[in-house]
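A.B. asks: Can you keep this structure in mind? I'll have questions shortly.
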Amino acid sequence: MIVGGIIGIGSSYLMRYVINRIRLEYDGLYPVLSIAFVLSIYGLATILNGNGFLAIYLAGLLLGRHDFIHRNSLSSFHDGLAWLMQITMFLVLGLQVFPSRLMSVAPEGLLTAAVLIFIARPVSVFLLTIPTQLTTKEKTFISWVGLRGAAPIILATFTKLSDVELPLPIFELVFFVVLVSVFLQGSTVTLIAKRLELLVSGTEELPHHVQHIEMPRAQLQDYLVQLSVSADAGVVGEQIIDIDLPEDTLIVAIHRGSQVIIPRGGTIIKEDDELLILTDQQHHERTHNLFTQVNYSNSSGVI
Numbered sequence: 002m003i004v005g006g007i008i009g010i011g012s013s014y015l016m017r018y019v020i021n022r023i024r025l026e027y028d029g030l031y032p033v034l035s036i037a038f039v040l041s042i043y044g045l046a047t048i049l050n051g052n053g054f055l056a057i058y059l060a061g062l063l064l065g066r067h068d069f070i071h072r073n074s075l076s077s078f079h080d081g082l083a084w085l086m087q088i089t090m091f092l093v094l095g096l097q098v099f100p101s102r103l104m105s106v107a108p109e110g111l112l113t114a115a116v117l118i119f120i121a122r123p124v125s126v127f128l129l130t131i132p133t134q135l136t137t138k139e140k141t142f143i144s145w146v147g148l149r150g151a152a153p154i155i156l157a158t159f160t161k162l163s164d165v166e167l168p169l170p171i172f173e174l175v176f177f178v179v180l181v182s183v184f185l186q187g188s189t190v191t192l193i194a195k196r197l198e199l200l201v202s203g204t205e206e207l208p209h210h211v212q213h214i215e216m217p218r219a220q221l222q223d224y225l226v227q228l229s230v231s232a233d234a235g236v237v238g239e240q241i242i243d244i245d246l247p248e249d250t251l252i253v254a255i256h257r258g259s260q261v262i263i264p265r266g267g268t269i270i271k272e273d274d275e276l277l278i279l280t281d282q283q284h285h286e287r288t289h290n291l292f293t294q295v296n297y298s299n300s301s302g303v304i
């Protein structure tokens, strides 16, 4: 686990660096690049006798906490791929189980599922969320939605590949627990959310006074900033993805010579670029300094 953890953490920074720096001719090649990274990380961890699953998990988790080029498209791609793989795993793994064998482990499976659902999961959630600001209702909901899925079944297949004698058919037992979790917890998520008063409908209309707000033109000008990038600005030659823009600040357009560029994460800022920036009044000065002063530190706000 130590080896897998080190490889996963290191790989996350390497992935971010490469994705932000490499220039692929077609956007469709970035998902291919990400898959190549995934296979390489798992393979490297396995060769070094590390935990490949942990390495991949940490790499993805840490990468997702940062901004990188094509983040939205890559997230959507891997989300769809993950669903496809889960469906495939359940189909393939379902062929390894005979219903008659599941009934033989039903007593142990029900007891195990009950302990996981009603004791182990709630205790771990409430202990680990002590430092957070979550309410008791929110912690209770998190405790309930800890569904077991394909990952435990995959890990249970290792017992079939080993020659270790076990007192119980672990694979069938795990499969039974997963089925109980899916049917019991999965089918009641919405019901529990309603009972805990945590269900928020995305179809609710905005209040009448919110729907008809019109922003005055003078106020709109306070949110749009137009400035020219000075030759000695610290951001010259930097990609937008590498610039620590103030919160709620967005570069809307870049006027460069006779061109109007719609910026992306990989767009490089050049001197004399005319930027149209959407920001709030609180960050006007900081945004201006960022593109006009040398070695301006965005994180600390110190010039």
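Position in the sequence shown (from 1) plus 1 gives the number in our numbering.
For glycine and all other residues, C-beta sits at the position ideal for the given N, C-alpha and C.
Whose C-beta lies closer than 8 Å to the C-beta of Asp274 among residues of the same chain, with five residues either side of it excluded?
C.D. replies: Residue mapping note: residue 274 aligns to position 273 of the sequence shown, counting from 1. Answer for Asp274: Ser229, Val230, Ile255, His256 and Arg257, listed in chain order.
A.B. asks: What residue from Pro108, Lys161 and Gly147 has the CA that sits closest to Leu94's CA?
C.D. replies: Stepping through the sequence shown from its first residue, residue 94 is reached at position 93. Selected option, being the one with the closest Cα: Lys161.
A.B. asks: I'd like the list of long-range same chain contacts for Asn155, defined as Cβ closer than 7 Å, with 5 residues on each side in sequence excluded.
C.D. replies: Taking the first residue of the sequence shown as position 1, residue 155 is located at position 154. For clarity, residue 155 is Ile in the given sequence; the question names Asn instead. Contacts found: Met90.
A.B. asks: Assuming Ala254 is part of the alpha helix (DSSP H), what are its boundary residues?
C.D. replies: Taking the sequence shown and counting its residues from 1, one reaches residue 254 at position 253. Looking at the DSSP string, Ala254 is not in any alpha helix (DSSP H); the run it does join, the beta strand (DSSP E), is Leu251 to Arg257.
A.B. asks: Hey, Leu276 and Leu225: beta-carbon distance below 8 Å or not?
C.D. replies: Stepping through the sequence shown from its first residue, residue 276 is reached at position 275. Stepping through the sequence shown from its first residue, residue 225 is reached at position 224. In this structure, Leu225 does not lie closer than 8 Å to Leu276 by Cβ.
A.B. asks: Assign Gln186 to one of two classes, buried (16 or more other C-beta atoms within 10 Å of its C-beta) or exposed (fewer than that).
C.D. replies: Position 185 of the sequence shown holds residue 186. When all chains shown are included, Gln186 counts as buried.
A.B. asks: Check this for me: beta carbons of Ser63 and Ser13, under 8 Å apart or not?
C.D. replies: The sequence position of residue 63 within the sequence shown is 62, counting from 1. The sequence position of residue 13 within the sequence shown is 12, counting from 1. The amino acid occupying residue 63 in the given sequence is Leu; Ser does not appear at that position. Result yes, Cβ atoms of Leu63 and Ser13 sit closer than 8 Å.
A.B. asks: In terms of alpha-carbon separation, which member of Leu30, Asp233 and Ala151 lies closest to Leu92?
C.D. replies: For the purposes of this step, residue 92 is taken as the residue at position 91 of the sequence shown. Of Leu30, Asp233 and Ala151, the residue nearest in Cα terms is Ala151.
A.B. asks: How many angstroms separate the CA atom of His177 from the CA atom of Ala115?
C.D. replies: Taking the first residue of the sequence shown as 1, we reach residue 177 at position 176. Taking the first residue of the sequence shown as 1, we reach residue 115 at position 114. The sequence given here places Phe at residue 177; His does not occur at that position. Spanning the two alpha carbons is a distance of roughly 12 Å.
A.B. asks: So, with DSSP's three-state summary, where would you put Ser306?
C.D. replies: Since the first and last residues shown for the chain are 2 and 304, residue 306 lies out of range.
A.B. asks: Counting C-beta neighbours from all protein chains within 10 Å, is the total for Val39 16 or more, i.e. buried, or is it exposed?
C.D. replies: Here residue 39 refers to the residue found at position 38 when the sequence shown is read from its first residue. Buried is the call here.
A.B. asks: Please check the pair Leu59 and Gly9, which I expect to be a contact at CB under 8 Å, by giving their CB distance rounded to whole angstroms.
C.D. replies: Mapped onto the sequence shown, residue 59 falls at position 58. Mapped onto the sequence shown, residue 9 falls at position 8. The pair is a contact, with the Cβ atoms about 3 Å apart (cut-off 8 Å).
A.B. asks: Below 8 Å CB to CB, which residues in the same chain sit around Glu239 once its five sequence neighbours on both sides are set aside?
C.D. replies: Mapped onto the sequence shown, residue 239 falls at position 238. Hits under 8 Å: Ile269 and Ile270.
A.B. asks: Does the distance from the C-beta atom of Pro170 to that of Val106 stay below 8 Å?
C.D. replies: The sequence position of residue 170 within the sequence shown is 169, counting from 1. The sequence position of residue 106 within the sequence shown is 105, counting from 1. It is a contact, given that the beta carbons lie within the stated cut-off.
A.B. asks: Does Ser35 come out as helix, strand or coil in the three-state DSSP assignment?
C.D. replies: Taking the sequence shown and counting its residues from 1, the one referred to as residue 35 is at position 34. The answer is helix: DSSP assigns Ser35 an H, G or I state.
A.B. asks: According to the neighbour-count rule (16 or more other Cβ atoms, all chains shown, within 10 Å of its Cβ), is Arg149 buried or exposed?
C.D. replies: Stepping through the sequence shown from its first residue, residue 149 is reached at position 148. Looking at its Cβ environment, which holds 16 or more other Cβ atoms inside 10 Å, Arg149 is buried.
A.B. asks: Let me check understanding here. Comparing Cα to Cα, which of Asp28, Val165, Ile57 and Ile23 lies closest to Gly5?
C.D. replies: The count along the sequence shown starts at 1 and reaches residue 5 at position 4. The shortest Cα separation from Gly5 among Asp28, Val165, Ile57 and Ile23 belongs to Ile57.
A.B. asks: Under three-state DSSP, which class holds Ser163?
C.D. replies: For the purposes of this step, residue 163 is identified with residue 162 of the sequence shown, where counting begins at 1. Three-state DSSP puts Ser163 in coil, outside helix and strand.
A.B. asks: Candidates Val19, Ser35 and Leu49: which alpha carbon is nearest Ile7's?
C.D. replies: The residue you call residue 7 lines up with position 6 of the sequence shown. The candidate whose alpha carbon is nearest that of Ile7 is Leu49.
A.B. asks: Where do the ends of the alpha helix (DSSP H) carrying Glu139 lie?
C.D. replies: Locating residue 139 in the sequence shown gives position 138, where the first residue counts as 1. Here the alpha helix (DSSP H) through Glu139 covers Thr137 to Trp145.
A.B. asks: DSSP three-state label for Gln283, please.
C.D. replies: For the purposes of this step, residue 283 is taken as the residue at position 282 of the sequence shown. DSSP places Gln283 in helix when its eight states are reduced to three.
A.B. asks: Does Gln87 come out as helix, strand or coil in the three-state DSSP assignment?
C.D. replies: Working through the sequence shown from its first residue, we reach residue 87 at position 86. In this structure, Gln87 counts as helix in the three-state DSSP scheme.
A.B. asks: Check the DSSP bridge columns for Leu62 and list the partner residues they point to.
C.D. replies: What you label residue 62 is simply residue 61 of the sequence shown in a count that begins at 1. Beta-bridge pairing links Leu62 to no other residue.
A.B. asks: Which of the three DSSP states is assigned to Leu55 in this structure?
C.D. replies: Counted from its first residue, the sequence shown places residue 55 at position 54. It is helical.
A.B. asks: Between Thr288 and Leu15, what straight-line distance do the alpha-carbon atoms span, to the nearest angstrom?
C.D. replies: Against the sequence shown, residue 288 aligns to sequence position 287. Against the sequence shown, residue 15 aligns to sequence position 14. Each residue's alpha carbon lies about 29 Å from the other.
A.B. asks: Bridge partners of Ile269, per DSSP?
C.D. replies: Locating residue 269 in the sequence shown gives position 268, where the first residue counts as 1. Partner(s): Gln240.
A.B. asks: Going by the DSSP bridge assignment, what does Leu277 pair with across the sheet?
C.D. replies: Counting from one through the sequence shown, the residue named residue 277 turns up at place 276. For Leu277, which the question treats as bridged, DSSP gives the partners Gln227 and Ala254.
A.B. asks: Check whether the Cβ atoms of Val237 and Glu272 lie closer than 8 Å to each other.
C.D. replies: As a working mapping, residue 237 is identified with position 236 in the sequence shown. As a working mapping, residue 272 is identified with position 271 in the sequence shown. Yes, Cβ-Cβ distance for Val237 and Glu272 is below 8 Å.
A.B. asks: What does the alpha-carbon distance come out to for the pair Pro100 and Ser182?
C.D. replies: Reading the sequence shown from its first residue, position 99 is the one you call residue 100. Reading the sequence shown from its first residue, position 181 is the one you call residue 182. The straight-line gap from Cα to Cα measures roughly 17 Å.
A.B. asks: Measure the C-alpha to C-alpha separation of Leu197 and Val146 and round it to an integer number of angstroms.
C.D. replies: Against the sequence shown, residue 197 aligns to sequence position 196. Against the sequence shown, residue 146 aligns to sequence position 145. So the two alpha carbons sit approximately 13 Å from each other.
A.B. asks: Rounded to the nearest angstrom, how far is the Cβ of Phe78 from that of Arg17, given a contact under 8 Å?
C.D. replies: As a working mapping, residue 78 is identified with position 77 in the sequence shown. As a working mapping, residue 17 is identified with position 16 in the sequence shown. Rounded, the Cβ-Cβ distance is 17 Å, inconsistent with contact.
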